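Enquirer:
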Amino acid sequence: MPHTLDVRCPLCGELAFFEFAEIVRIREKKDILFFQENDQFDYLLCKDSCGHSWHAAVYYAGLHGRTVDTIRELPEGYDRLDWAHSKFLYRGSGLDSGSITCPSCCLHRRYELQWPHNAYFQIEFKRDLLWAFNLETAIELRDYIMSSNRDRSDYKWRSFLMKIPKKFLLQGARDTVSKRLKKIITQYQNGSNSSVVARANKDVGQLHSKRLSSSVVPHFKR
Ligand SMILES: [Zn+2]
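First residue of the sequence shown: 1, per the numbering used here; consecutive thereafter.
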């Protein structure tokens with residue numbers, strides 16, 4: 001996944017932004033206390049696949065001006081850039097934690113991503129969801145669905161496009177799927193998504209509304 005996503009706010013249903021947290025291993029035991037006590041980090045005790053414990057410091061750039069420049073101090077041997085997002089399109093960590101910011105209701109807090117439930121760009125087709133990470137990927141998805149040759153080589157997000165289930169790419173699906181994508185992209189660009197939320201609730205029914213009400217999840221314990 002990319003480092004930032006367009007999501008629906010779990011409280012008001014409007015457009016919100018999610019930014020992943022970054023996790024860094026604490027190398028020396030003597031440094032654990034620093035990260036446990038520092039209000040800019042969350043301390044986390046992790047386990048690897050072999051069952052070995054390791055200590056980590058988690059930083060939520062979305063709660064600190066979307067930058068690592070505000071990290072004030074660090075123990076020797078660490079650099080604030082250790083918590084910067086990688087330069088790659090896709091992130092390497094499987095951590096679902098991050099922060100959510102909603103301009104409509106001012107929600108601004110840690111958030112545990114539930115994907116693709118939280119995706120802003122999601123459309124339903126024959127009871128399956130098709131989703132995109134953000135506006136840029138939604139536009140590429142629309143263009144790709146509409147294209148006749150389905151050549152992915154010129155697309156920035158081609159590895160994402162490669163994973164689209166065949167069902168959405170069939171000739172008979174093209175018109176409906178592309179129309180629904182166009183509609184949600186236009187609504188995003190016009191700054192209004194109220195009708196999209198209403199339609200999604202109707203389409204996905206109980207599952208959607210049940211998840212929506214329980215989707216504010218707390219974060220790591222310090
Ligand atoms: Zn909101």
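We put the beta carbon where it would ideally sit given N, CA and C, even for glycine. Owing to the predicted nature of the structure, the values given are computational and were not obtained by experimental measurement.
I want to check one thing, is the minimum distance from the CB of residue 13 to the heavy atoms of ligand 1 below 8 Å?
Expert: Within the cutoff, so yes.
Enquirer: Thinking just about the alpha-carbon of each residue, which of 146, 101, 183 is nearest to the one in residue 8?
Expert: Closest option to residue 8, Cα to Cα, is 101.
Enquirer: Considering only heavy atoms of ligand 1, does any lie closer than 8 Å to the CB of residue 129?
Expert: Every heavy atom of ligand 1 is 8 Å or more from the Cβ of residue 129, so no.
Enquirer: May I ask whether a heavy atom of ligand 1 can be found less than 8 Å away from the beta carbon of residue 21?
Expert: Not under cutoff, so the answer is no.
Enquirer: Opposite residue 7 in the DSSP bridges: which residues?
Expert: Looking at the DSSP assignment, residue 7 forms a beta bridge with 16, 119.
Enquirer: Taking the CB atoms as reference points, tell me whether residue 135 and residue 188 lie closer together than 9 Å.
Expert: Result yes, Cβ atoms of residue 135 and residue 188 sit closer than 9 Å.
Enquirer: Taking Cβ positions, are residue 121 and residue 185 nearer each other than 9 Å?
Expert: Taking 9 Å as the Cβ cut-off, residue 121 and residue 185 qualify as a contacting pair.
Enquirer: Starting from the Cα of residue 12, find the closest Cα among 180, 178, 118 and give me that residue.
Expert: Closest by alpha carbon: 118.
Enquirer: Three-state secondary structure (DSSP) at residue 137?
Expert: DSSP places residue 137 in helix when its eight states are reduced to three.
Enquirer: Under a Cβ-count criterion, where at least 16 other Cβ atoms within 10 Å of its own Cβ denotes burial, should residue 3 be classed as buried or exposed?
Expert: Answer is buried; the Cβ neighbour count reaches 16.
Enquirer: What runs of the beta strand (DSSP E), each 3 residues or longer, lie entirely inside the region 42-130?
Expert: Qualifying beta strand (DSSP E) stretches, in chain order: 42-47, 53-59, 97-101, 108-112, 121-125.
Enquirer: What are the partner residues of residue 23, as DSSP defines its beta bridges?
Expert: Answer is 58.
Enquirer: Between which two residues does the alpha helix (DSSP H) containing residue 166 stretch?
Expert: No alpha helix (DSSP H) contains residue 166, which DSSP labels as neither H nor E.
Enquirer: Hey, how far is the Cα of residue 61 from the Cα of residue 152?
Expert: One C-alpha to the other measures close to 32 Å.
Enquirer: I'd like to confirm the pairing. Which residues does DSSP put opposite residue 132 in its beta bridges?
Expert: Residue 132 is bridged to 121.
Enquirer: Indicate the three-state DSSP secondary structure (helix, strand or coil) for residue 148 in the structure shown.
Expert: If DSSP states are grouped into helix, strand and coil, residue 148 belongs with coil.
Enquirer: Give me the Cα-Cα distance between residue 193 and residue 109, rounded to the nearest whole angstrom.
Expert: Residue confidence is low: residue 193 scores 49 on pLDDT, short of 50, so the model does not pin down where it sits. Its coordinate-derived value is still stated next. Rounded to whole angstroms, residue 193 to residue 109 spans 22 Å at the Cα level.
Enquirer: Determine, using beta carbons only, whether residue 129 and residue 145 come nearer to each other than 9 Å.
Expert: Not a contact, by the Cβ cut-off of 9 Å.
Enquirer: Tell me the rounded alpha-carbon separation between residue 15 and residue 89.
Expert: Cα-Cα distance, rounded: 22 Å.
Enquirer: For residue 95 versus residue 20, is the C-beta distance shorter than 9 Å?
Expert: Taking 9 Å as the Cβ cut-off, residue 95 and residue 20 qualify as a contacting pair.
Enquirer: Specify, as a first and last residue, the run of the alpha helix (DSSP H) that residue 36 falls within.
Expert: That run of the alpha helix (DSSP H) goes 32-37.
Enquirer: Here's a check: name, in chain order, each residue in its chain whose Cβ is nearer than 6 Å to the Cβ of residue 132, leaving out the five neighbours to either side.
Expert: Excluding positions up to five away in sequence, the list reads 121, 138, 141.
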